[in-house]
Amino acid sequence: MVPFLTRGPAGGGRDAPPGIPLTRLIGRAAEGGIHLKGFGQPSRLFPRLRHASTPGLDPVLGRIGSLEVRLATTPKEVKRAQRLRYRVFYEEMAAIPTGMALLKRRDADEYDAVCDHLLVIDHAAQEAKPFRKPKPRVVGTYRLLRQEQADRHFGFYTAGEYDLGPVLEANAGKRVLELGRSCVLKPYRTKRTVELLWHGIWTYVLHHRIDAMLGCASLEGTDPERLALPLSFLHHFARAPEGWRARALPGRHVAMDRLSREAIDPKAALQALPPLIKGYLRVGATFGDGAVVDYQFGTTDVFVVLPVEAIAKRYIGHFGAEAGRHAA
Numbered sequence: 007m008v009p010f011l012t013r014g015p016a017g018g019g020r021d022a023p024p025g026i027p028l029t030r031l032i033g034r035a036a037e038g039g040i041h042l043k044g045f046g047q048p049s050r051l052f053p054r055l056r057h058a059s060t061p062g063l064d065p066v067l068g069r070i071g072s073l074e075v076r077l078a079t080t081p082k083e084v085k086r087a088q089r090l091r092y093r094v095f096y097e098e099m100a101a102i103p104t105g106m107a108l109l110k111r112r113d114a115d116e117y118d119a120v121c122d123h124l125l126v127i128d129h130a131a132q133e134a135k136p137f138r139k140p141k142p143r144v145v146g147t148y149r150l151l152r153q154e155q156a157d158r159h160f161g162f163y164t165a166g167e168y169d170l171g172p173v174l175e176a177n178a179g180k181r182v183l184e185l186g187r188s189c190v191l192k193p194y195r196t197k198r199t200v201e202l203l204w205h206g207i208w209t210y211v212l213h214h215r216i217d218a219m220l221g222c223a224s225l226e227g228t229d230p231e232r233l234a235l236p237l238s239f240l241h242h243f244a245r246a247p248e249g250w251r252a253r254a255l256p257g258r259h260v261a262m263d264r265l266s267r268e269a270i271d272p273k274a275a276l277q278a279l280p281p282l283i284k285g286y287l288r289v290g291a292t293f294g295d296g297a298v299v300d301y302q303f304g305t306t307d308v309f310v311v312l313p314v315e316a317i318a319k320r321y322i323g324h325f326g327a328e329a330g331r332h333a334a
């Protein structure tokens, strides 16, 4: 898997059809229930963050050279991940921020307070701010939401685009982990950074005895006809088994089988897929029923699921059955 530029669905009424002005988007964010601090409640989009720890798991999960992968343990570390997400999603990818995100220059929502956050830090690159001690640079991040946390709070973020009920019911008793809000700073989109992110995820999966990972991945663009080849390829050649096949929500469902199986050139289809989705395919992931257009981020999203038992053995061998390859 190549975890570049995947942030999960916008959800929560934050999508907008093409052509809606930024001022109206800001207004919609306010209508959606943003509570200002000082009026008795923290902001829904910028909630009060928490200190976090995982008993029995050192927050530093691995290292390659100057790069370290770790779990965020303080609100300040989570905010640094939010700033990185803002830089990639809104400044590089030109997504449309809400008013609060634009003001704070952080990509944030209520899930940040209940998720774990994986960080890749470069100790050789220092971030300096006036009157503050320089800190190693955060260059990559992933957001992790375990099912018990989802059940205790808002459910899974992916449920904003896909009906997860039948999938969770069919796999009752299995431990599910949602992956989302992933991004890597452009100069660091290298094999080393990818290795560390997935070493961190694999260590986390083993510690929490996760049975399956799920989430959304994005194809650039909002015109499904222009994406007919890759969408049709995923539908015909990489469709999830029925028990894991989440369907896009009614009203958001976009058909993926836009071309017949016979009309698809698999080699050309693979070349048309983003690196993230090609990586998912290599490792053993499969895809859901229907795509969802996300106008705010200018993408078309697909549901991805990866049961641990389906992970290709060569990848488990590469990272080590006990996640020892890049252990700190």
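Using the working numbering, you'd call the opening residue of the sequence shown number 7 and step up by one each time. Glycine included, each C-beta is placed from N, C-alpha and C at the ideal position.
Next item on the list: Alpha carbon to alpha carbon, how far is G71 from H129? Give it in angstroms, no decimals.
Entry: To locate residue 129, count along the sequence shown from 1; it is residue 123. To locate residue 71, count along the sequence shown from 1; it is residue 65. Computed Cα separation, rounded: 9 Å.
Margin query: Please state the DSSP three-state secondary structure of P230.
Written below: Counting from one through the sequence shown, the residue named residue 230 turns up at place 224. In this structure, P230 counts as helix in the three-state DSSP scheme.
Checklist line | Of the residues I207, L225, M262, L90, the one placed nearest A218, counting alpha carbons only | finding: Residue mapping note: residue 218 aligns to position 212 of the sequence shown, counting from 1. Of the candidates I207, L225, M262, L90, the one whose C-alpha sits nearest the C-alpha of A218 is I207.
Checklist line | Simplified DSSP state of V75, which is helix, strand or coil | finding: To locate residue 75, count along the sequence shown from 1; it is residue 69. Note: V75 maps to strand in three-state DSSP.
Note to self: Please tell me whether D220 and V260 are closer than 9 Å, where the distance is taken between their beta carbons.
What the structure shows: To locate residue 220, count along the sequence shown from 1; it is residue 214. To locate residue 260, count along the sequence shown from 1; it is residue 254. Strictly speaking, residue 220 in this sequence is Leu, with Asp absent from that position. No. Outside cutoff.
Note to self: With a threshold of 6 Å on Cβ separation, who are the neighbours of R251 within its own chain once the five nearest residues in sequence on each side are excluded?
What the structure shows: For the purposes of this step, residue 251 is taken as residue 245 along the sequence shown, with counting starting at 1. These residues qualify, in order along the chain: G294, D295.
Next item on the list: Assuming R89 contacts R56 (C-beta within less than 8 Å), just tell me the rounded distance between them.
Entry: Here residue 89 corresponds to residue number 83 of the sequence shown, with the count starting at 1. Here residue 56 corresponds to residue number 50 of the sequence shown, with the count starting at 1. Incorrect: roughly 18 Å between the Cβ atoms, too far for contact.
Margin query: Closest to F243 by C-alpha separation, out of I317, C222, R258, I270, would be which residue?
Written below: The count along the sequence shown starts at 1 and reaches residue 243 at position 237. It is I270.
Note to self: Tell me the DSSP secondary structure of Q132 in three-state form.
What the structure shows: On the sequence shown, position 126 is the one that residue 132 refers to. Of the three classes helix, strand and coil, the one that applies to Q132 here is strand, per DSSP.
Check: Quick one, are the C-beta atoms of G92 and P103 less than 9 Å apart?
Finding: Within the sequence shown, numbered from 1, the residue matching residue 92 stands at position 86. Within the sequence shown, numbered from 1, the residue matching residue 103 stands at position 97. Reading the sequence as shown, one finds Tyr at residue 92 and not Gly. The answer is yes: Cβ separation under 9 Å.
Next item on the list: Would you check if there are 3 or more beta carbon pairs closer than 8 Å linking the region 188 to 199 to the region 228 to 244?
Entry: no
Check: Among all the DSSP beta bridges, which residues are the ones paired with H5?
Finding: Given that the chain is displayed from residue 7 to residue 334, the structure contains no residue 5 and the question cannot be resolved.
Margin query: Pull the bridge partners of P313 from the DSSP assignment, please.
Written below: As a first step, residue 313 is located in the sequence shown; it is residue number 307 there, counting from the start. For P313, which the question treats as bridged, DSSP gives the partners A218.
Check: In chain order, which alpha helix (DSSP H) runs of at least 4 residues are fully inside the region 264 to 314?
Finding: 272 to 278, 281 to 289
Next item on the list: Could you pull out every unbroken beta strand (DSSP E) segment of at least 3 residues lying fully inside the region 137 to 219, listed in chain order?
Entry: 141 to 152, 182 to 190
Next item on the list: Can you tell me which of A275, F95, R181 puts its alpha carbon nearest to the alpha carbon of Q302?
Entry: The residue given as residue 302 occupies position 296 in the sequence shown. Of the listed residues, the one whose Cα sits closest to Q302 is F95.
Margin query: Can you tell me which residues form a DSSP beta bridge with L225?
Written below: Here residue 225 refers to the residue found at position 219 when the sequence shown is read from its first residue. BP columns for L225 point to T306.
Item checked: Nearest-angstrom Cβ-Cβ length linking F239 and A275, presumed shorter than 8 Å -> Here residue 239 refers to the residue found at position 233 when the sequence shown is read from its first residue. Here residue 275 refers to the residue found at position 269 when the sequence shown is read from its first residue. That pair is a contact at about 4 Å.
Margin query: I need the boundaries of the beta strand (DSSP E) containing V66, first residue and last residue.
Written below: Position 60 of the sequence shown holds residue 66. Looking at the DSSP string, the run of the beta strand (DSSP E) that includes V66 is 66 to 70.
Check: Contact between the region 282 to 290 and the region 312 to 325: three or more CB pairs below 8 Å?
Finding: yes
Margin query: Here's a check: name, in chain order, each residue in its chain whose Cβ is nearer than 6 Å to the Cβ of A78, leaving out the five neighbours to either side.
Written below: To locate residue 78, count along the sequence shown from 1; it is residue 72. Result list for A78: V84, H123, L125, in chain order.
Note to self: Considering only the alpha carbon of each residue, which of R152, P136, Q132 lies closest to V144?
What the structure shows: Position 138 of the sequence shown, counting from 1, holds the residue named residue 144. Of the candidates R152, P136, Q132, the one whose C-alpha sits nearest the C-alpha of V144 is Q132.
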